[in-house]
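I have placed the structure first, in the form of C-alpha cells, so that the comments after it can refer back to it.
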Amino acid sequence: DTEVTQTPKHLVMGMTNKKSLKCEQHMGHRAMYWYKQKAKKPPELMFVYSYEKLSINESVPSRFSPECPNSSLLNLHLHALQPEDSALYLCASSQGSERGTEAFFGQGTRLTVV
Amino acid sequence: GQSLEQPSEVTAVEGAIVQINCTYQTSGFYGLSWYQQHDGGAPTFLSYNALDGLEETGRFSSFLSRSDSYGYLLLQELQMKDSASYFCAVKAGSSYKLIFGSGTRLLVRP
C-alpha cells in the first residue's frame, strides 16, 4: 500500500468555524508533512512530524494546529481562518532518512474559506 | 534559508527531448528530487540525486552537480501526457525538510 489518504477532498468553512483535515498512511513512514499550495505555485512546507513529534514548523500562524495521534495519522486543526488561507492542503509521508528518497503525497483537501 | 530557481515555462514537441534546469542555494544539502504534478493532481516523485552524476529511470533522467549547486531533469521521447508542472525539491537543513522550487510548466505540443 503506497497510498496517502486525505479527507475531506473539499471543504468550505466560515471564518469563525473550526474544522480538521485528516491524513493517513500505512507505509510505516516516520516522517509526515503538511504543505499548502496555491494555484500555479509550488507546495509550501508548513509542518513536519518525525517519529510522531513536531520537528519543523515553518512559522505557520497559530490558527493552523497540527496533531499526530499515532505513526499513521496526521491531523491539521483549523480555527478562525482567513479567506487568503483558501488553498490546496497536501499531506505527504516519507522514510525521512538521510538517503531516503521519495515523498508520497495525498490528493489533497481543497479548502475554501468564506 | 533555501532558494531554488527553475524556468517558469517550457514548450516542446511530442517525441522531442527537453531539459528543465534547477539552481539552488541551501545550507545542509542532502539531495535534489524531482516531482511531477498534473493540474488538479498531487505531486508524484520522479527521481532523487544525492551524489553528483546522472540517474536514469526510463524516459526520465536527472543530473546533479553539488559543486555548482545545479541539477536538471531530462525528459526524452516526450508524450502529450508529460504536459504538467515539474518541481525540483531539496532536502536541506534536515533530512526531513523538503522544500520545493517554483516549478516549471511543460507544454508538449503535437
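The listed protein sequences correspond, in order, to chains V and E. Per our numbering, the very first residue in the first sequence carries number 1; after that it's consecutive. Per our numbering, the very first residue in the second sequence carries number 115; after that it's consecutive. From the three backbone atoms N, C-alpha and C, an ideal C-beta is built for every residue, glycine too. Note that the structure is predicted; figures quoted are calculated from it, not measured.
Check                                                                                                                                                                           : Outcome
The beta strand (DSSP E) with Gly145/E in it runs from where to where?                                                                                                          : 143-151
What does Glu3/V touch in chain E if you count any residue whose Cβ is under 7 angstroms from its own?                                                                          : Within 7 angstroms Cβ-Cβ: nothing; Glu3/V doesn't reach chain E, min ~11 angstroms.
What first and last residue would you give for the beta strand (DSSP E) that runs through Ser20/V?                                                                              : 18-25
The beta strand (DSSP E) with Glu169/E in it runs from where to where?                                                                                                          : 167-171
With DSSP run on the structure shown, which of helix, strand or coil describes Glu84/V?                                                                                         : helix
Under 8 angstroms, Cβ to Cβ, is there at least one residue of chain V near Gly172/E?                                                                                            : no
Output, in chain order, the set of chain E residues within a Cβ distance shorter than 7 angstroms of Ser139/V.                                                                  : Any property of residue 139/V remains undetermined from this structure, which presents chain V solely from 1 to 114.
State the start and end residues of the unbroken beta strand (DSSP E) segment that holds Pro66/V.                                                                               : 64-70
What is the DSSP secondary structure of Lys38/V, reduced to helix, strand or coil?                                                                                              : coil
With contact counted as at least three CB pairs below 8 angstroms, one residue from each stretch, are the stretch 19-39 of chain V and the stretch 55-74 of chain V in contact? : yes
Under 6 angstroms Cβ to Cβ from Thr125/E, same chain only, skipping five residues before and after it: list those, please.                                                      : Leu221
Roughly how many angstroms separate the alpha carbons of Leu21/V and Phe47/V, rounded to a whole number?                                                                        : 14 angstroms
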